[in-house]
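> Residue numbers (our numbering), protein chains in the order written: chain D, 25 to 195; chain W, 3 to 374. Handing you this structure, nothing more for now.
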Amino acid sequence: MLASEGLPPQKEVVEEVQAAEEGEVDPKAKKKEEEKPRENGLLETDYAKRGFHLDVQVNPDQVVRSAEILDSEGMTMEMVTGVDWLKDGQFEIVYDYSFTGGELFRVVVRCRVDREKPDVPTISEVFGGANWHERETWELFGINFVGHPQLERFLLPDDCDYYPLRKDFKL
Amino acid sequence: MTLLAQSQLQETFELNIGPQHPATHGVLRVKVIMDGEYIVKAEPVLGYIHRMHEKMGENRTWNQFWPNLGRLDYLSAIAYNHGYAGLLERAMGIEVPERAEYIRVITVELNRLQSHLLWFGAFILDLGGFTPLMYAFDEREQILDLLESVTGSRLTYCYFRFGGVYNDVDDDFITGTRAFIKRLRPQIPMYHDLVTKNVILMERLVDIGHISADMCRKYGATGPVLRGSGVNFDIRKNEPYSVYPELDFDVPVYHECDSMARYMVRMDEMEQSMRIIEQALDKMPDGPVKAEKAPKILKPPKGDYHFAVEAARGTFSMRTVSDATNTSYRMRLRSPTYSNLSLFEEASRGMLLSDALAFMGSLDLVIPEMDR
């Protein structure tokens, strides 16, 4: 329902649409597929299984545009976070959006950046609340949010020189 | 802002509130730039009790992470238990017995009641009224005793398990809860008589701390803060989980967007929590309190999972990335007051310092939950 309404300019964000239903795929084939990072695209997910309705993967330069589209649809930015895929040499930045104006609808936007050069544009211009979330992600992962107004130490002490949520950070 | 513009001298100075300050209710520091008595910029500084729960989530097995959930929001810890239980039950497809779901709802709502009671007492104490704190703590003590009898702890609950709860409730708990509801119900109008129409309170809260619905949306504010801005949004209604759809309750919404609206939302929520508890006690069936088939060693299938619950302060959601091992690959905890406080800088601009502290109280901050 909202899938068609919520993202009208789908083609701008999404290059190819994978309408693959989860669970239909043969588990062995799925395993092979997951060994390499996912291709960009839009995926309708099973809400009962996953907890969100739409899963979109975009290029880093499309992140701001996707935030603007979801903002114009009246959606809320719920959280921004990162995942360190050490094996792939990549960071994944995950944006969770939800619709609070009526029946709940959740959209996940994700993008991947190179671990050596983790630059992604900030969406704090669009959603003020992303400011703290991005600052925290920068601090814990070392992902550089280009254009962020205040990339300073937040939760950790001012003098620490490590990124604790990276997978190569050993306890 | 108009008052600021009138100030001719434009002389500002920096004021430091906290990290040890009674008004912040914990180790929160606020760096304020002041122009006389007016705030030019107030920047919250976090992290004084940061414990890196998210990294602990990656290093402990799924079951070992349980105690961490009680140490985030120490006032509504059972709701956090519910979030974690729901997340893994969704990932693993575990069916929860109906009695366990009812026990969960009863304990979560009792926990919400005691959280709001403590907030009520402490908030009025911030504004200079000492007596309500005594009344609120008297009632709260009863709830802590009830919860202690089933969960074994008074504050840092670790009561839920994947597929149910740790311990069945006994008859003493059920009769005790009914008696307590009977006792608390006439107290709420008494609180209103004692506090709500008090002219000093009205002066401090009405039309102070304006947060528009759009500002809530941009910052991701949820819970009573959002409902005090006229948005009818409650995870229990909009994204139903557990047995909430079978229970009849209202979501209090106020459209004034000020501190008073947020105060009223919480006061009305106490009534609704009592309604929920009464209905749940009536409807609770007999049966097991733990799924028999729940596996001891959990290995959720690969992928992302998300689960949200309505905690006392707003939407608490968890997101985990599983790599099909017995630990999480990535555990993300989204705490409500983190987002609620992030709008403080914008909303407090041009406010009197004393009003800003009342405004901060109306956001109902719990610091360990923000710092995680």
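Ideal Cβ placement from N, Cα and C applies to all residues, glycine included. All of these numbers come straight from a predicted model, not from anything done at the bench.
#1: Which of the residues in the region 48-62 of chain W, read from start to end, lie with their CB under 7 Å from any CB of chain D?
#2: Around the Cβ of ALA138 (chain W), are there at least 16 other Cβ atoms within 10 angstroms (buried) or fewer (exposed)?
#3: What number of angstroms, rounded off, separates the C-alpha of PRO226 (chain W) from the C-alpha of LYS111 (chain D)?
#4: Straight-line CA distance for TYR159 (chain W) to GLU143 (chain W)?
#5: Taking only runs that begin and end inside the region 7-93 of chain W, name each unbroken beta strand (DSSP E) of 3 or more residues, in chain order.
#6: Taking 9 Å as the CB-CB limit, is ALA53 (chain D) close to chain W?
#7: Just checking: is the beta-carbon of ALA87 (chain W) within a distance shorter than 9 Å of some beta-carbon in chain D?
#8: Counting only beta-carbon atoms, is GLY95 (chain W) nearer than 9 Å to chain D?
#9: Along the chain, where does the alpha helix (DSSP H) containing GLN174 (chain D) start, and where does it finish?
#10: Within 9 Å of any Cβ in chain D, is that where the Cβ of TYR104 (chain W) sits?
#11: Going by DSSP in three states, PRO191 (chain W) sits in which element: helix, strand or coil?
#12: Using the beta-carbon of each residue, which ones in chain D are nearer than 7 Å to SER341 (chain W)?
#13: Residues of chain A with CB under 7 Å from PRO188 (chain D), in chain order?
#14: Where does GLY106 (chain D) fall in DSSP's three states?
#15: Just to confirm, are GLY95 (chain W) and SER319 (chain W) a CB contact at a threshold of 9 Å?
#16: So HIS308 (chain W) contacts chain D; which residues on that side make the cut at Cβ distance below 9 Å?
#17: Which residue's Cα is closest to the Cα of GLU45 (chain W): W:ARG315, W:ALA349 and W:MET276?
#18: Which of the three DSSP states is assigned to VAL87 (chain D) in this structure?
#19: Could you give the first and the last residue of the continuous beta strand (DSSP E) run that contains VAL133 (chain D)?
#20: Please confirm if the region 351-364 of chain W is in contact with the region 330-342 of chain W, defined as three or more CB-CB distances below 8 Å between the two stretches.
#21: Taking buried to mean at least 16 other C-beta atoms within 10 Å of its own C-beta, is ALA93 (chain W) buried or exposed?
#22: Can you tell me where the alpha helix (DSSP H) holding THR133 (chain W) begins and where it ends?
#23: Using the C-alpha atoms, what's the distance from ALA87 (chain W) back to ASN328 (chain W)?
#24: Checking contacts by CB at 9 Å: is LEU345 (chain W) closer than that to chain D?
#25: How big is the Cα-Cα spacing for GLU127 (chain D) and PHE15 (chain W)?
#26: Assign MET353 (chain W) to one of three DSSP states: helix, strand, or coil.
#27: Please work out which residues of its chain come closer than 6 Å, Cβ to Cβ, to ASP170 (chain W), disregarding the five sequence neighbours upstream and downstream, and give them in chain order.
#28: Going along the chain, which residues of its own chain have a beta-carbon closer than 6 Å to the beta-carbon of GLY178 (chain W), five neighbours each way excluded?
#29: Tell me the residue span of the alpha helix (DSSP H) that contains PRO145 (chain D).
#30: Within 9 Å (strictly less), CB to CB, does ASN240 (chain W) reach chain D?
#31: Using a Cβ-Cβ cut-off of 6 Å (strictly less than) and excluding sequence neighbours within five positions of ALA215 (chain W), which residues of its own chain qualify?
#32: Interface residues of chain D around ARG332 (chain W) at Cβ under 7 Å?
#33: Bridge partners of LYS292 (chain W), per DSSP?
#34: Is the beta carbon of MET217 (chain W) closer than 9 Å to that of GLY152 (chain D)?
#35: Quick one: is VAL49 (chain D) near chain W, going by C-beta distance under 9 Å?
#36: What number of angstroms, rounded off, separates the C-alpha of SER122 (chain D) from the C-alpha of MET36 (chain W)?
Taking the definition as stated:
#1: From the region 48-62 of chain W, only LEU48, GLY49, HIS52, MET54, GLU56, LYS57 and ASN61 have a Cβ closer than 7 Å to chain D.
#2: With 16 or more other CB atoms across the displayed protein chains lying within 10 angstroms of its CB, ALA138 (chain W) is buried.
#3: Roughly 43 Å between the two C-alpha positions.
#4: 15 Å
#5: 15-19, 31-37 and 40-47
#6: Unreliable placement is indicated for ALA53 (chain D), whose pLDDT of 39 sits below 50; the coordinate value is still reported in the next sentence. Answer no: the Cβ-Cβ gap between ALA53 (chain D) and chain W never drops below 9 Å.
#7: Residue-level contact by beta carbon fails for ALA87 (chain W) and chain D, as no gap is shorter than 9 Å.
#8: yes
#9: Note, GLN174 (chain D): premise wrong, no alpha helix (DSSP H); not H, not E.
#10: Not one chain D Cβ lies under 9 Å of TYR104 (chain W).
#11: Residue state, collapsed to three classes: helix.
#12: Those are GLY153, listed as they occur along chain D.
#13: Here chain A cannot be found, since the structure's protein chains are D and W.
#14: strand
#15: no
#16: ARG74, GLY75, PHE76, ASP120, ARG130 and VAL132
#17: Of W:ARG315, W:ALA349 and W:MET276, the residue nearest in Cα terms is W:ALA349.
#18: helix
#19: 130-138
#20: no
#21: buried
#22: 133-153
#23: 15 Å
#24: Chain D places a beta carbon closer than 9 Å to that of LEU345 (chain W), counting this residue as a contact.
#25: Between GLU127 (chain D) and PHE15 (chain W), the alpha-carbon positions lie close to 47 Å from each other.
#26: Of the three classes helix, strand and coil, the one that applies to MET353 (chain W) here is coil, per DSSP.
#27: VAL291
#28: In chain order, LEU148 place their CB closer than 6 Å to the CB of GLY178 (chain W), counting only its own chain and leaving out the 5 sequence neighbours on each side.
#29: No alpha helix (DSSP H) holds PRO145 (chain D); the beta strand (DSSP E) holding it covers 143-145.
#30: yes
#31: SER231, GLY232 and VAL233
#32: VAL107
#33: W:GLY166
#34: yes
#35: Note that VAL49 (chain D) scores 37 on pLDDT, short of 50, meaning its location in the model is unreliable and no value can be drawn from it.
#36: 36 Å
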